[in-house]
Each structure stands twice: as structure tokens, then as C-alpha cells.
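Report on the following structure.
In the working numbering, the protein residues as written are 11 to 102.
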């Protein structure tokens, strides 16, 4: 029922777009850094390329998870806070 609520879906879509923009900005920064490496820093290029590849692969999975979250009920319970002691049952 929660996933069908318009307000919830709107918030998920906005959060997904924000996450996508942040990850894309990170990838852009990594690509710029990779392009600006000097000859002595070329060893870092493979490390940056791997990081860019990983970040790119994660974008779709993260955004999909934010847009359509998997919601499971793990447990049910409640706590009662009262100024009185619990009522005694007939068995007590």
C-alpha cells in the first residue's frame, strides 16, 4: 500500500534523481581527474578507470532501488508507556 501512495512515489522519484545527479557528478570529477594526470601519475589511471566503471555500474542499481524500494515487514510490536502499573489479570 505504501508503494502505491502518490506522495511516497514522488519522494522516491526525487530521491532517485538526487542520487543519480550526485553519482554522475562524482563520475565526472573522476573522469576529469583521469584526463589531467601527468605522465608520472599514469599508474593511477587504471585505478581511476576501475572506480569510474564501478560507479557507473552502481548508478542503475542504486537509482532503481530508490525508485522501487523493497519493503518488508521484519517485526511487529509496540511499547506502552503509562503512569500506572499494569492491571492484574484474574490468574494473578
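By construction, the Cβ of each residue, glycine as well, lies at the ideal position given by its N, Cα and C atoms.
Inter-residue spacing [alpha-carbon to alpha-carbon] between residue 58 and residue 81: 35 Å
Going by DSSP in three states, residue 32 sits in which element: helix, strand or coil? helix
If residue 55 sits next to residue 44, beta carbons under 8 Å apart, how far is it from one beta carbon to the other, in whole angstroms? 6 Å
Sequence-distant residues of the same chain with beta carbon closer than 8 Å to residue 96, five excluded per side: Excluding residues within five positions, none has a Cβ falling inside 8 Å.
Rounded to whole angstroms, what is the Cα-Cα separation between residue 15 and residue 21? 10 Å
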